[in-house]
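Quick note, the working numbering runs 7 ahead of the 1-based positions in the sequence shown. Beta carbons are placed, not taken as given, at the ideal position from N, Cα and C, and that holds for glycine. Everything numeric in this text was worked out from a predicted model, so none of it was measured.
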Amino acid sequence: MNGPRSIDFELSHLARSANIRQKVMLAVDHARQPRDLKTSLILSSHDFEGRPNDLVRRAAAMWNEPACAVAKIVWKARSVRDCIEAFELLQQAPKPTIALCMGAFGMASRVLAAKFGGFLTYARAQGDPGTAPGQPTVPQLRELYCFDSITPRTRVFGVVGWPIEHSLSPHLHNAGFGSVKFDGVYLPLPVPPEWEHFKATLHALLDFKPLDLGGLSVTLPHKQHLVRFVRVHAVDEVLVAVPWRSTAYLQDLVKKLKVLPNDVKLCPEYVGSSLPVRGVTPVAGEIGRAHV
């Protein structure tokens, strides 16, 4: 009788006693296994409360375990920025690794696992509660986010707001990307309403070059924060109007942030004239209030 393809075992349990470790080693394939076994060991570490303080140590312990065929480290994200740390773990992993973030902030880590070389990701069946908070359904992962088409070259776009779960932007943009066969994916990026959260998240997204960030839509309550961010960082120019929300496009080569406020078209001074080279001049709605 053939054994299972893999056994998923928690790192903390493996280290609990020599007896437990011996039993696990007898059941899985490894270099010192005298029996002809095909069962591999997935060594896991989960934290359902938040980011563990010893995150890197846990990852290293699994990578350094000779019997571990696949390392899996999963934690509850405190912000979207935790996803970037998961991507960094995948980039430096010396063996097949799963690095995912749970909860509302962790969607990017699940969708972009393949972009950064993740061994696999997890999704739940339609109507099933899933095994961890924040798991997308299989149809969401494969049809909405086109997971099977994501590669290391896929460009990343997203909508920043709070709350953001109701947004139709991922549906519209991903359908558009698919219709023209553009290698990109558009994600919801929840960022709490405070300025410090917005500033830290935007910095993190901009600074992590392997993300291949192509653009961001910024909606409530962060339009004022976007204007503030642009002013603080001496952004160069305003381009054309984009309907419905303000969109920031990022240019890696010139390290320039361009803001395209949807309200620009309402400003009388721009009608029939060229847009200014410097400054941001939104005029209506929340982003207009930020300008005034």
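Sequence-distant residues of the same chain with beta carbon closer than 7 Å to residue i, five excluded per side
| i | result |
| --- | --- |
| Ala68 | Leu18 |
| Ala38 | Pro73 |
| Pro199 | Trp169 |
| Ala66 | Ala78, Ile80 and Leu96 |
| His180 | Phe164 and Tyr193 |
| Cys153 | Asn181, Gly185 and Val192 |
Reduced DSSP category for residue i - H, G, I as helix; E, B as strand; rest coil
| i | result |
| --- | --- |
| Thr104 | strand |
| Arg12 | coil |
| Ser116 | helix |
| Arg131 | strand |
| Asp243 | Confidence is the limiting factor: at Asp243 the pLDDT is only 44, short of 50, which leaves the residue's position unreliable and the question unanswerable from this model. |
| Ile27 | helix |
| Thr208 | helix |
| Lys83 | strand |
| Pro195 | strand |
| Phe55 | coil |
Whole-angstrom distance between residue j and residue i, CA atom to CA atom
| i | j | result |
| --- | --- | --- |
| Pro143 | Pro41 | 41 Å |
| Trp70 | Lys102 | 7 Å |
| Ala22 | Ile171 | 41 Å |
| Asp219 | Val163 | 6 Å |
| Val245 | Phe215 | Because the pLDDT of Val245 is 36, which lies under 50, any placement of that residue in the model is unreliable, and the number read from its coordinates should be weighed accordingly. Taking the straight line from one Cα to the other gives about 24 Å. |
| His53 | Gly221 | 32 Å |
| Pro159 | Phe94 | 12 Å |
| Arg58 | Gly141 | 15 Å |
| Ala76 | Val118 | 23 Å |
| Ser24 | Thr208 | 41 Å |
Beta-carbon spacing of residue i, residue j below 8 Å
| i | j | result |
| --- | --- | --- |
| Ala182 | Arg88 | no |
| Ala115 | Leu194 | yes |
| Leu107 | Ala121 | no |
| Gly165 | Leu213 | no |
Beta-carbon separation (whole angstroms), residue i vs residue j, contact threshold 8 Å
| i | j | result |
| --- | --- | --- |
| Phe205 | His229 | 5 Å |
| Thr161 | Val192 | 6 Å |
| Lys83 | Phe55 | 6 Å |
| Arg85 | Phe112 | 7 Å |
| Val187 | Leu223 | Contact flag wrong, Cβ pair sits at about 20 Å. |
| Ile105 | Gly125 | 6 Å |
Own chain residues within Cβ distance below 6 Å of residue i, not counting five before or after
| i | result |
| --- | --- |
| Leu44 | Asp36 |
| Ser51 | Asp15, Glu17 and Lys79 |
| Cys90 | Cys108, Ala115 and Ser116 |
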